[in-house]
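Residue numbers (this note's numbering): 12 to 262. Glycine is no exception: its CB is placed at the ideal position from the N, C-alpha and C atoms. No experiment lies behind these values; they were computed from the predicted model shown. The next block holds one structure in the form of structure tokens; read it before the comments.
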């Protein structure tokens with residue numbers, strides 16, 4: 012099993028779906044977990060209870076990571092409560108916010124998607140870095156859409172997720188002198204409530220049928236990959252964007 016015992020992991024959007032799976036997997040591997048959420052109050056309580064049952068120290072903070080003040084307050088709360096440097100940062104917060112083709116897309120919608128996915132990653136990374144241990148790890152959650160452009164109406168989302176991969180490569184170079192590794196993951200279609208909201212059932216079934224493994228990913232499988240990249244087992248993996256899509260597409 013991957014071992015991150017006694018490490019402190021900070022996970023954005025850690026209350027539900029893939030974020031919850033990441034939080035729980037890191038805890039199962041021994042890390043203390045501090046996560047933030049924006050609107051998912053009930054799910055945050057459930058995730059916090061699950062972390063408590065695993066037996067690790069845990070913290071949940073409500074924050075809007077598109078706002079610098081909220082982001083900095085989240086990290087300040089992590090530091091005052093957890094009382095140790097950050098070893099692992101997982102930039103998971105994000106989402107589609109809907110599907111709109113470029114012809115019908117308002118500037119406000121574009122800004123919303125870019126801010127939620129890309130700006131939040133920048134703001135949290137910038138806020139956390141002064142408190143990160145040298146030799147730590149950052150994992151950014153991109154998407155298969157960042158590689159292939161996504162489905163109909165996903166151009167804003169695909170743009171943001173593609174930019175996260177570039178951000179990952181650039182940051183890996185910048186933080187090399189501190190031995191902080193920076194990697195991204197690119198999940199394909201994953202069984203989550205959010206996926207159910209924005210992707211029709213027939214589309215999900217068609218994608219599963221086109222995937223060599225014949226199914227969608229479970230969120231727990233995404234969590235397992237993140238935990239590996241955050242651990243010493245991936246000590247020479249840096250600047251990579253790792254596909255996890257069952258073979259649906261290849262980079």
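To the nearest angstrom, report how far apart residue 268 and residue 212 are at their CA atoms. Since the first residue shown for the chain is 12 and the last is 262, residue 268 is missing from the structure and cannot be characterised.
Is residue 43 closer than 9 Å to residue 102 when the C-beta atoms are compared? In terms of Cβ geometry, residue 102 and residue 43 do not form a close pair [threshold 9 Å].
Under the rule that 16 or more other beta-carbon atoms within 10 Å means buried, what is residue 126, buried or exposed? With a 10 Å radius around the Cβ and a threshold of 16 neighbouring Cβ atoms, residue 126 comes out buried.
Which residue comes first and which comes last in the alpha helix (DSSP H) that contains residue 65? Per DSSP, residue 65 is one residue of the alpha helix (DSSP H) stretching across 52-65.
Once DSSP output is grouped into helix, strand and coil, what is the label at residue 46? Under the three-state reduction of DSSP, residue 46 is assigned to strand.
What are the uninterrupted segments assigned as alpha helix (DSSP H) that are 4 or more residues long and contained completely in the segment 91-125, given in chain order? Here the runs fully enclosed are 118-125.
In this structure, does DSSP put residue 252 in helix, strand or coil? In the structure shown, residue 252 adopts extended strand secondary structure according to DSSP, grouped into three states.
For the alpha helix (DSSP H) that residue 139 lies in, which residues bound it at each end? First-last of the alpha helix (DSSP H) with residue 139: 131-139.
Output yes or no for whether 9 Å exceeds the beta carbon distance between residue 252 and residue 153. For the pair residue 252 and residue 153, the CB atoms are nearer than the 9 Å cut-off.
Are three or more beta carbon pairs between the segment 240-258 and the segment 108-119 nearer than 8 Å? Per the Cβ contact rule, the segment 240-258 is not in contact with the segment 108-119 (fewer than 3 Cβ pairs under 8 Å).
Terminal residues of the alpha helix (DSSP H) in which residue 145 lies: Per DSSP, residue 145 lies in no alpha helix (DSSP H) segment; the continuous beta strand (DSSP E) that holds it begins and ends at 143-152.
Let me know the secondary structure DSSP gives residue 229 once reduced to three states. Note: residue 229 maps to strand in three-state DSSP.
Which same chain residues end up closer than 8 Å to residue 36 when comparing Cβ atoms and leaving out the 5 residues on each side of it in sequence? Answer for residue 36: 231, 234, 235, 237 and 238, listed in chain order.
According to DSSP, is residue 36 part of a helix, a strand, or is it coil? Residue 36 carries a helical assignment under DSSP once its states are collapsed to helix, strand and coil.
Just tell me which of 158, 41 and 88 has its CA closest to the CA of residue 47. Restricting attention to 158, 41 and 88, the CA atom closest to the CA of residue 47 is found in 88.
Exposed or buried, which one is residue 18 when buried takes at least 16 other CB atoms within 10 Å? Buried.
Is the Cβ-Cβ distance between residue 195 and residue 179 less than 9 Å? Note that the C-beta distance between residue 195 and residue 179 is below 9 Å.
Near residue 192, which residues of its chain fall below 6 Å by C-beta distance, leaving aside the five closest residues on each side in sequence? Apart from the 5 residues on each side of it in sequence, residue 192 sits with its Cβ closer than 6 Å to the Cβ of 148 and 249 in its chain, given in chain order.
Alpha carbon of residue 166 to alpha carbon of residue 81, nearest angstrom: Taking the straight line joining both Cα atoms gives about 28 Å.
Nearest-angstrom beta carbon gap, residue 241 and residue 20 [assumed within contact, 8 Å]: Rounded, the Cβ-Cβ distance is 7 Å, consistent with contact.
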